[in-house]
């Protein structure tokens, strides 16, 4: 009888983790099932697919080229590709997205349950709400590198929150934090913020934490070397580098200037709108619970401050010397904010608990609308798109119905481009070009700024700078892949397939 009771208790403890994993995997599997050929996600195609092919072609040492961004992910991908072969690349990416998002849900619930000591029901409800929010689904959509860092990070923080830790537990924490730091520089900085805060606020475990902290800081310093001008590996010679005005206008390394052409009040107002609108739209759905549940935590306090600094405060207060990509920092706030939501759920359920109902029922009732939102959003039945968040998960780097046209255009260019030409590629077409443009004699110039105009209207200033860069590099033939029917200064359409076309500069 006692053994049967013990088994039931273990099952009740494990079941919420299984539910969290299944819902997370389901969210990510729905769009993949509805687009059966190509994987969804912007970075999935623009970055991961060509990076994985490079691993398969050039061998294991290529993994270490991703030291500053994606070592953990690309090491995992190298192992999988080595076992399965690159012919299954798209299938691997489709499956990987679902598994990673399910594991992210599980690790986050473990953090709430073990690290912050919420009860089982509260941890499950908060996790289900968290992974159902569009801002969190944005991570699951295409930020695989981030997820391979967040998963070990939240597992490690969950273990750190335990009162009793064995030597084996400390070894596991060290390994998990090491993998998290190696995932990418942004996640590494969040790991260091959380770990440093825990080190400052706790005294009993400082002797254990100090060597771990020193190891993580050492790895982070090595990862920052390329940003300081010390490149550990030779750069790929095929892509040309387009100078970034925002980076060149800032005298400090790593940081950027949001006003490279000079400050104006109207530009500052526009920046404020972009920063604050993303924050409001991302978290308006949980704001009431969030405000009610704010609490102090040794594991989260410095993490929240660090993410608010990079995602909101720095670009608004010091836009001339700002941490780049504030949107990525704001996205990561979803996890500590949903921990506050968990506390808010506890307080709310304590006030409105019916006499004939359990807390679990109340919290799950609150979670149900969020789960419905997640299902509708992931399946493309509704849209919640603002800048940096896709309208729904049924998106690739370009529209799904444009992919075949794009591939045909790239293959045509691969067969017909003249030697020693330059191809200008906007970021959304990057992955398709690197996958299907095999000509080494055609240099690629990638524009890392999204166009300000809709297809068919025109090309913004980033393409003008790309054109000038190609001319200064001495190219006599310049191609551009863009939407068909566009009026582009100095470029004429030379090949069209559906909504995508190849343009050539008239020199």
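Residue numbers (the working numbering): 134 to 640.
The beta carbon of each residue, even a glycine, is placed where N, CA and C say it ideally should be.
The structure presented is a predicted model; accordingly, all values stated were derived computationally and were not measured.
Handout entry: Rounded separation between residue 514 and residue 526 - CA only
Key = 10 Å
Practice task
Would you check if the region 628 to 635 and the region 536 to 543 touch, i.e. whether three or more CB-CB distances between them fall below 8 Å?
Solution key: yes
Practice task
Please state whether DSSP places residue 488 in a helix, a strand or coil.
Solution key: Reliability fails at residue 488, whose pLDDT of 49 lies under 50, so the model's placement of it is uncertain and no value is given.
Handout entry: Close-in-space but distant-in-sequence residues of the same chain around residue 243 (CB under 8 Å, 5 per side omitted)
Key = 150, 287, 288 and 291
Practice task
Buried or exposed for residue 144, please, with buried defined as at least 16 other CB atoms from any protein chain shown within 10 angstroms of its CB.
Solution key: exposed
Problem - Distance between beta carbons of residue 284 and residue 236, contact taken as under 8 Å - result: 5 Å
Problem - As assigned by DSSP and simplified to three states, the class of residue 615 - result: strand
Exercise for the section: Could you work out which residue in 274, 605, 580 and 606 is closest to residue 596 when comparing CA atoms only? Expected result: 580
Practice task
Would you kindly work out how many angstroms separate the C-alpha atoms of residue 438 and residue 277, rounded to a whole number?
Solution key: 24 Å
Problem - Cα-Cα separation between residue 425 and residue 473, rounded to whole angstroms - result: 8 Å
Problem - Closest Cα partner of residue 541 within the set 368, 614 and 561 - result: 614
Handout entry: Buried or exposed by the 16-neighbour rule on C-beta atoms within 10 Å, applied to residue 199
Key = buried
Problem - Nearest-angstrom beta carbon gap, residue 257 and residue 153 [assumed within contact, 8 Å] - result: 7 Å
Exercise for the section: Within the region 236 to 297, note down every full alpha helix (DSSP H) run reaching 4 residues or more, in order along the chain. Expected result: 253 to 265, 267 to 275 and 277 to 293
Problem - Separation of residue 337 from residue 381, as counted between CA atoms - result: 46 Å
Practice task
Out of 398, 404 and 466, point me to the one whose CA is closest to residue 423's CA.
Solution key: 466
Handout entry: Alpha-carbon spacing of residue 453 relative to residue 408, whole angstroms
Key = 15 Å
Handout entry: Three-pair Cβ contact test at 8 Å for the region 439 to 452 versus the region 248 to 267
Key = no
Problem - Cβ contact (3+ pairs, closer than 8 Å) linking the region 158 to 170 and the region 204 to 211 - result: no
Practice task
Verify whether the separation of the beta carbon atoms of residue 608 and residue 554 is less than 9 Å.
Solution key: yes
Practice task
Consult DSSP for residue 531 and reduce its assignment to one of helix, strand or coil.
Solution key: coil
Practice task
Grab me the residues of residue 230's own chain with a C-beta within less than 6 Å of its C-beta, minus the 5 sequence neighbours each way, in chain order.
Solution key: 161
Practice task
Reducing DSSP to helix, strand and coil, say where residue 438 ends up.
Solution key: helix
Practice task
Give every residue of the same chain whose Cβ lies closer than 6 Å to the Cβ of residue 456, excluding the five residues on either side of it in the sequence, and list them in chain order.
Solution key: 443 and 447
Exercise for the section: Check the DSSP bridge columns for residue 372 and list the partner residues they point to. Expected result: 577
Practice task
Report all residues from its chain with a CB closer than 7 Å to the CB of residue 506; omit the five preceding and five following residues, and keep chain order.
Solution key: 265
Practice task
On a CA-only basis, which of 211, 167 and 549 is nearest residue 181? Give me that one, please.
Solution key: 211
Exercise for the section: Check whether the region 306 to 320 touches the region 337 to 349, taking contact to mean three or more Cβ pairs, one atom from each stretch, closer than 8 Å. Expected result: yes
Practice task
Could you tell me which of 635, 478 and 511 sits nearest to residue 544, measuring between CA atoms?
Solution key: 635
Problem - Those residues which DSSP pairs with residue 556 across a bridge - result: 577 and 612
Practice task
For the alpha helix (DSSP H) containing residue 355, list its first residue and its last residue.
Solution key: 339 to 357
Exercise for the section: Can you tell me which of 146, 157, 147 and 174 puts its alpha carbon nearest to the alpha carbon of residue 532? Expected result: 174
Exercise for the section: Starting from the Cα of residue 547, find the closest Cα among 575, 376, 561 and 562 and give me that residue. Expected result: 575
Practice task
With DSSP as the reference, label residue 450 as helix, strand or coil.
Solution key: helix
Practice task
Quick one: grab the DSSP three-state call for residue 592.
Solution key: Confidence at residue 592 is low in this model, with a pLDDT of 42, below 50, so the placement of that residue should be treated as unreliable; the coordinate-derived value is given next. Of the three classes helix, strand and coil, the one that applies to residue 592 here is coil, per DSSP.
Problem - residue 190 versus residue 480 - alpha carbon distance - result: 55 Å
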